[in-house]
Structures are given as C-alpha cells and as structure tokens.
Amino acid sequence: MNTKQNAMVSIIIPYYNSMEFIGDCLNSVLSQSYTNLEIIIINDSSDSENTGYIETLLEDKRIVYLKNESKKGVAYSRNKGLDSATGEFVFFLDSEDILVEQAIDILVANINEAPAIAGNTKRLLKPTDLEGPAQPEIILTMKDSNKIFSNGSILNVLIRSSFIKEHSIRFYEGTEGSTDISGVIQFILYVKSLPSLNIRTYFQRVRNDPISNPSLVQRSIQERTRDFTTVYMEMNKQYGKSEVVKEYLDGLLLRFYRREVINIFQDKKHLDEFFALLSTVMKMLNPAALASQPTHIKREIKQLRSGNKEKFIRGFKFHVEARDFKNAIKGFTRLKRYIYNKFFLRFPMKENYIIFESFLGKNYSDSPRNIYEYIIENKMDYQCIWVFNDKNRKIPGNAKIVKRFSLAYYYYFAVSKYWINNMRQPLHLVKREGNVFLETWHGTPLKKLVFDMKDVYSANPRYKRDFYMQSRAWDYLLSPNRYSSEIFRSAFKFDNEMLEYGYPRNDILYSPQKEEIITRVKRNIGIPDNKKVVLYAPTWRDDDYYEPGKYKFQLQLDLHKMKEILGEDYVVALRMHYFIADDINVEGLDGFAFNLSKYDDIAELYLISDILITDYSSVFFDYANLERPILFFTYDLDKYRDQLRGFYLDFENEGPGPLLRTSDEVINAIAKIDEVKKEYATKYDAFYERFCSWHDGKSTEKVVRKVFTEK
Ligand code: C2G
332 MNTKQNAMVS IIIPYYNSME FIGDCLNSVL SQSYTNLEII IINDSSDSEN TGYIETLLED
392 KRIVYLKNES KKGVAYSRNK GLDSATGEFV FFLDSEDILV EQAIDILVAN INEAPAIAGN
452 TKRLLKPTDL EGPAQPEIIL TMKDSNKIFS NGSILNVLIR SSFIKEHSIR FYEGTEGSTD
512 ISGVIQFILY VKSLPSLNIR TYFQRVRNDP ISNPSLVQRS IQERTRDFTT VYMEMNKQYG
572 KSEVVKEYLD GLLLRFYRRE VINIFQDKKH LDEFFALLST VMKMLNPAAL ASQPTHIKRE
632 IKQLRSGNKE KFIRGFKFHV EARDFKNAIK GFTRLKRYIY NKFFLRFPMK ENYIIFESFL
692 GKNYSDSPRN IYEYIIENKM DYQCIWVFND KNRKIPGNAK IVKRFSLAYY YYFAVSKYWI
752 NNMRQPLHLV KREGNVFLET WHGTPLKKLV FDMKDVYSAN PRYKRDFYMQ SRAWDYLLSP
812 NRYSSEIFRS AFKFDNEMLE YGYPRNDILY SPQKEEIITR VKRNIGIPDN KKVVLYAPTW
872 RDDDYYEPGK YKFQLQLDLH KMKEILGEDY VVALRMHYFI ADDINVEGLD GFAFNLSKYD
932 DIAELYLISD ILITDYSSVF FDYANLERPI LFFTYDLDKY RDQLRGFYLD FENEGPGPLL
992 RTSDEVINAI AKIDEVKKEY ATKYDAFYER FCSWHDGKST EKVVRKVFTE K
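For the sequence shown, the residue numbers in this note's numbering are 332 to 1042.
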C-alpha cells in the first residue's frame, strides 16, 4: 500500500497517566507508513512524572500537545482534540493502544466516498500478541452501522471531518466512562452501513494491572453501571425519538444487563443499591427490543420495569439457581464445585483440621512438609490432610491423602480451619470466616514479581489481577530475609502479617544429622559414595510454553562432554523446575546423569551436592545456606533480565558465583572449582549475611508456635 498522501489525518489521543504505554502507542503513530498526520495529544492533567516522555517527542512538528488545566475526562479531551483538528480525516486512538504500521494508509486507501471506515481490532494481552500471523488479502465489506458500533466504541474508525462538522459530533462530558456512545450516535442516525476491513489495523490493550492501574473499562462495576445508565438516559432523551437510535441504545442496554448487571445483582448489597436505578432505566426500554431475548430475561426485565423488588428477587434467584444447576450438570468438574459452593461451605468448620499443599500437589516437599513433620513429631493434636495429584502417595504419619480437585479435596478445603500452601490457591476456593491461611511461598525473589513487573509474558495474562485476589486471603506470609519482606510488601501488595523467621524448608540444611541424611539419599538414588555431585537446577522461561503451567525447556549443558571431562570425580543431578513439561534426555549417560526432576524435595538434593549450577532460579538463595560453590549458567541473561522479567538484585555484581554463558565455561569452572571458591569468597560472605542469616535450623518451630500455639 502506498496511497497518495494528499489528505491530512488528525489522530486524536487523549492521555492520562499511562506512561508505561504511551511510548509504544506514539511510536506506532510516528512510524506509520502514512506520514501526512497531525497527532493531537491531549494531556488530561496527568501527574508530572507521567508526562516527561511526551515532551521529548515534541520536536516532531506533526505533534500538537494540548493540556487540560485540571482532570476533565476522556470526552472533554476528545472534544478539545476535535476543536483543534485540521485534517481531512479524524481517527481516535487511545494512549495505551497500538496502530499497525500500515493502518492509516490502508484505511485512507479504502474509504472512497464513505463518511467513515472501520478497521479490524485485535486485543493486546501480552507483547507477543503483536507478532500475530501474516495478514490476509484485503477484503472490504459493507456492514450495518449498528453492527460496527455494537460494542459502543468509536476506536479504530477513520472518520471524514466533513461528516463530523455536518453532524456536530461531540462526546458527552457528563460521565467518565461510556462516553464513546455519544460520538457513535450520529452514525447510527445518518448512516445505514459503512465499509469495514478484514485486516488488523489496531491493537487494543487489555491492561494487565486492573488493581493499581485500571483503565476506564476496568473500573468498579458500580462506577461503570452509573456511567452507562447515565449515558443511556441522556442519549435516550436527546435521540430516543429516532427509531434506529432507540433500537441501538436498547441493544446496548440489554447487552449491558446480561453481561454486567446479572453479575452485580448476585450481591444483595448491590441489588439494593441499584434496583431503583435499573428499574427507572428499564422503563425507558422499548418492549419490542425484548422480542429476541430468552424467556427468563424477558421476565426479569418485566419485573424490573414494574418496580416490584421482592418479585424480581424471587425470579432472579430462581434464574441464578437454575443456571448454576444447569451448568453444574454439564460435567463432573463443575458438579464438584457446585456441591462445594452449595453444600460443603455450609458445613461446620473443624477447628483442628489442617490442609497442606506444596507445588500444586506435585510433591511432598518445601516448607509445608517441614511444618507437617514438626506437627506429627511433636504429636500435636491436629488432623492433617495432604493434597496430591496422585491419590496413592505415601507419606509419614497418618495424614489423610486427597487427590487435587476431587470431591474430597473440596470437602476438606471447605471444613479445614487451617490452610498451608507454598503457592497460590485456585481462585474458586472460598476462604471462610474463621479460616487461617498460612502462605509459605517458595523462594527469595531474584526475578521481578507481580506488581513490580511491567509486561506479563507468561501464559496467563490475568496474572496480576488473579494474584491480587488470591493474596488477599493470606493471613500469614513467610519471609526468608529482610530483602524478601520488602519485596513481598511491594510486589504482592501484601499487608497482613509477615513471619520473618527464615524458611522452614531450609532447617534441614542446618540439621545435626546432615551426614546420615546425605548417605541415605545418595544410596537411595544410586549415587556412589565416592562421587561428588553437581546439581543443575534451572528455572522456567515465561515466554516458552505449551499452555499455562506447562513450559518448555531445552537443555543447553553438553552432558556428554561433561561426562568425558568430569565423569571420573563427578555425577550430575538434573532437576527441572516443576513447571517444565519437557522430559530431559539422559540416554547413554547411565551412572553419570540422574534426572531427578520428579524427586520430592530439592532440599535433600542440595544436601547431597557439592556444587550448584542454576540460572535465575531462587534455589541459590537457599543453597547458599550450605556455603558451597554456586555457578550461574546464564546463556540467555540479556533476554531474561531485560525483556522477560528484570531483576531485583544486581546479581552480575553481587551474586555469590560467576555468570557463565556456555557449556564449556561451566565445565571449566567445575574443573577449577577451588579457584572459583577463592575468587568469590568475599562476595559469598556478604551474600550469606544478607540472605541466609535468619536461618538457624529452627524456622519451623518458630512458625508453628506463632500460628498454632500462640493465641
Ligand atoms: N525448584 C525446584 N527445582 C528447580 C527450580 C526450582 O525444585 N529446578 C523449586 C525450589 O524450591 C525453588 C522454587 O521451586 O526455590 C521456586 O523456583 P524458581 O525457579 O525460583 O521460580 P518460581 O517458581 O517462578 O518462583 O519468590 C521467588 C519466586 O517466585 C520464584
């Protein structure tokens, strides 16, 4: 595409405090293949630290930078943009969204005589979405205006300025949200259909942090309901006489009711708050709009319109119950959750039940295991329950074993007073009044976590929101060192009680029976007593996955060469992260390489090893308690540090061992490990002091006392 660029296009970008996104947005505008642009940025009185970046761009004379004296909202900003736009066309872009390089070119080339043309929008959940598959051939179709604007948004539409002037298009300034609708109305009124493109022109960002930085559509459901109903009533008053507009508005209202109101009304508080308002709004609806709605919606809306709250609640409750039941019988998984919600959660809570889980039921390990063993060894009067994926797991003591997500699992989660987990609990588990949740977590952070991360590359783009909701249920959070306490407060926004006793899982590293344990573990695995052990325990990569929880891993260590050079003295224990789904191939390496990825507890592997190789995994913070050498095999450091995660610690300078890029460097370092040790002795001491010094072999006891004994 390369149209003659005779016509100027005014791109209107309202901006408010979204500094982390505006860079990508403006870059996508400045690098448009279509260059005859007027870029109007309206800063809605953002905080000063949020505007610096824009000011650096002002050299580009195509940019017009306007500021509002005080915060006036997106509608006001867009109107201001319209007032100063001089282009033949206008295009609205949000400051967190991104244009495809050819977007304006293609839209201009295809608008012909139409008053506007719509591009194709894709949701942008994580940076990799931008890559997308190759674009198909351009196909232009005529679509009904009410279809094009069925979500009430004005974005990604190139509009002829003469149309805007002729119909005095303005945005309604009375609310913060739902204001696009007012800009769309004129199209509904005057244009039956518009050309629409099949190819992607616009990426609409779904913000990954609805907690600390919500977009307008991520604000609370109450605010959105107030805004939507206000705009509906206002537009109805102004344009409701037009049959097409009325039909369009009623369509939006019914869509809003089915998507949002049904959810807020499940909470009695919200129902009380909004019933009268929705009743008033529904009275304005043309009953003919209900024709295509299912019977129960027709009935509910009729009752809403009548204003009879009691009758509405009865019908609504019945509908919700019927819907839940209908959903429940669609499959066993849903049925179990249904039984959990409707029945188990009403059973009395058992004061002396403790339910334990470690690494998603994959193994019997980590701090939950130490806490459990302390409880049974000290014969404390509790009924313990352990969650495993494998129901036939055998563990010491007489804990009840339940399979993860079985009916028994739901039962015990519903009735157990104490929950102990080292990861996040599933979102659908309900914490009851009286529950005590001890979150042990599973490592000192090196790589940035949750709210300290900018982009989320991992398989779940709702990571931040989910994390926030889950961590609200944690009463206690364990911390291994001061550094972690500070990070957990900021990254998790954790504001409950932090137990600063070190990790129970590391008590074993200080055990007086260390030597016996080492001999036993080595024998169990089949490692000869006279061989030294190198443990390789890397972490996972956020962007390399099959599906959530199932990540890929390609071994970069040359095991055959390692065997050749080091095989005389050493064996290698390979330990993949619990998210890794790929199997490590140790064929032909019998007696040298041991794949211990399924071994229950990595702490025992720490104990038997003489050297640790890792990358960005938190394992080295724990291993350092042993004061044995650590090597970092960081073949993808730049990508991991700069793109995927970012680090809290300058571990290139402060780490307790060398950062090595190739398999050969790793082998060399092992061969001259005594030199490495000497070289890093000072850094190691400082590292130990900072990260390990809370550990004295008694962390478990301190935690148990605090949570179970002290009242
Ligand atoms: N782990 C393991 N084997 C590995 C890697 C990790 O058994 N090869 C265990 C260790 O107990 C480690 C924990 O899983 O401490 C967490 O692993 P990380 O690699 O640090 O990664 P992640 O699961 O993302 O957790 O606050 C720290 C973090 O959240 C890191």
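We put the CB at the ideal spot given by N, CA and C, even for glycine.
Since the structure is predicted, the reported quantities are computational estimates derived from the model, not experimental observations.
Q) Within this structure, are the beta carbons of I670 and F744 separated by less than 9 Å? A) Cβ distance not < 9 Å, so I670 and F744 don't count as in contact.
**Q.** Within 9 Å, strictly: CB atoms of I628 and L528
**A.** Cβ distance not < 9 Å, so I628 and L528 don't count as in contact.
**Q.** Exposed unless 16 or more other CB atoms sit within 10 angstroms - verdict on T384
**A.** Checking the sequence shown, residue 384 turns out to be Tyr, not Thr. Y384 counts as exposed, since fewer than 16 other beta carbons sit within 10 angstroms of its beta carbon.
Q) Are there 16 or more other CB atoms within 10 angstroms of the CB of F674, so buried, or fewer, so exposed? A) When all chains shown are included, F674 counts as exposed.
(Q) If I measure Cβ to Cβ from S573 and keep anything under 7 Å in the same chain, skipping five residues before and after, which residues do I get? (A) Within its own chain, the residues whose Cβ lies closer than 7 Å to the Cβ of S573, once the five positions on either side in sequence are excluded, are L520, listed in chain order.
Q | Own chain, CB closer than 8 Å to E578, minus 5 neighbours either side, in chain order | A | Non-local C-beta neighbours of E578 in its own chain, meaning closer than 8 Å and more than five positions away in sequence, comprise N477, N617, A620, ordered along the chain.
Q. Taking D425 as the reference, which of K681, F559, D511, R557 has the closest Cα?
A. Shortest Cα-Cα distance from D425 to any of K681, F559, D511, R557 involves D511.
Q. Got a sec, what are the start and stop residues for the beta strand (DSSP E) C715 sits in?
A. Unbroken beta strand (DSSP E) run through C715: 714–719.
**Q.** Y814 versus R836, T775, D889, Y877, residue with shortest Cα-Cα distance
**A.** The residue with the shortest Cα to Cα distance from Y814 is T775.
Q | Beta-carbon contacts of S551 that lie in its chain and below 7 Å, excluding the five residues immediately before and after | A | So no residue of the chain qualifies.
**Q.** Limits of the alpha helix (DSSP H) - the one that E1032 falls within
**A.** Taken as a continuous stretch (DSSP letters only), the alpha helix (DSSP H) holding E1032 covers 1030–1035.
Q) From which residue to which residue does the alpha helix (DSSP H) around F1018 run? A) Run containing F1018: 1004–1022, per the alpha helix (DSSP H) assignment.
**Q.** Three CB pairs or more closer than 8 Å across the segment 702–720 and the segment 630–645
**A.** No contact exists between the segment 702–720 and the segment 630–645.
Q | DSSP three-state assignment for L809, whether helix, strand or coil | A | Under the three-state reduction of DSSP, L809 is assigned to strand.
Q: Taking the CB atoms as reference points, tell me whether I818 and I939 lie closer together than 9 Å.
A: Cβ distance not < 9 Å, so I818 and I939 don't count as in contact.
(Q) Contact defined as beta carbons within less than 8 Å: I believe A904 pairs with L927. What is the distance between those atoms, to the nearest angstrom? (A) Right, their Cβ atoms sit about 5 Å apart.
(Q) Alpha carbons only, please: which of S949, S948, K929, E958 is nearest the one belonging to I942? (A) Of the candidates S949, S948, K929, E958, E958 places its Cα closest to the Cα of I942.
(Q) Check this for me: beta carbons of F420 and M339, under 9 Å apart or not? (A) Taking C-beta atoms as the reference points, F420 and M339 count as a pair closer than 9 Å.
Q | Within 9 Å, strictly: CB atoms of F1022 and P835 | A | Against a cut-off of 9 Å, the Cβ pair of P835 and F1022 comes out as no contact.
Q | Inter-residue spacing [alpha-carbon to alpha-carbon] between S821 and D783 | A | Roughly 7 Å between the two C-alpha positions.
Q) Whole alpha helix (DSSP H) runs in the segment 483–559 with 4 or more residues, listed along the chain? A) Contiguous alpha helix (DSSP H) elements confined to the segment 483–559 occur at 492–497, 511–521, taking only those with 4 or more residues.
Q: In angstroms with no decimal places, state the Cα-to-Cα distance between L397 and I429.
A: Looking at the backbone, the Cα of L397 and that of I429 are separated by about 21 Å.
Q. Which stretch, first to last residue, makes up the beta strand (DSSP E) that contains I856?
A. Bounds of any beta strand (DSSP E) do not take in I856; it lies within the alpha helix (DSSP H) bounded by 845–856.
Q. Which residues mark the beginning and the end of the alpha helix (DSSP H) in which T664 is found?
A. Taken as a continuous stretch (DSSP letters only), the alpha helix (DSSP H) holding T664 covers 663–673.
Q. By Cβ distance, which residues of its chain are closer than 7 Å to V1034, with the 5 residues on each side in sequence left out?
A. Hits under 7 Å: I702, L809, L830, Y832, P835.
**Q.** Burial state of D860 (16 or more Cβ within 10 Å)
**A.** Classification for D860: exposed.
Q.
I'd like the list of long-range same chain contacts for N487, defined as Cβ closer than 7 Å, with 5 residues on each side in sequence excluded.
A. These residues qualify, in order along the chain: A449, G450, T452, T532, Y533.
Q: Would you mind giving the Cβ-Cβ distance between E432 and Q363, rounded to the nearest angstrom? I have them listed as a contact below 8 Å.
A: 6 Å between Cβ atoms; contact.
Q) Roughly how far, in whole angstroms, is the beta-carbon of Y867 from the beta-carbon of D875, given that I think they are within contact range, below 8 Å? A) The Cβ separation is near 18 Å, so there is no contact.
**Q.** Minimum C-alpha distance to S509 - residue among V395, S546, P458, T611
**A.** For S509, the closest of V395, S546, P458, T611 by C-alpha to C-alpha distance is S546.
Q) Okay, do the segment 709–723 and the segment 656–664 touch, 3+ Cβ pairs below 8 Å being the bar? A) By the Cβ test, the segment 709–723 is not in contact with the segment 656–664, since fewer than three Cβ pairs between them sit closer than 8 Å.
**Q.** Given P625 as reference, the closest of H650, D603, V612, A607 once Cα atoms are compared
**A.** When only C-alpha atoms are compared, the closest one is H650.
(Q) Let me confirm a value: G505 is counted as buried when at least 16 other C-beta atoms fall within 10 Å, else exposed. Which label applies? (A) It counts as exposed.
Q: Return helix, strand or coil for M564, following the three-state DSSP convention.
A: Helix, per DSSP.
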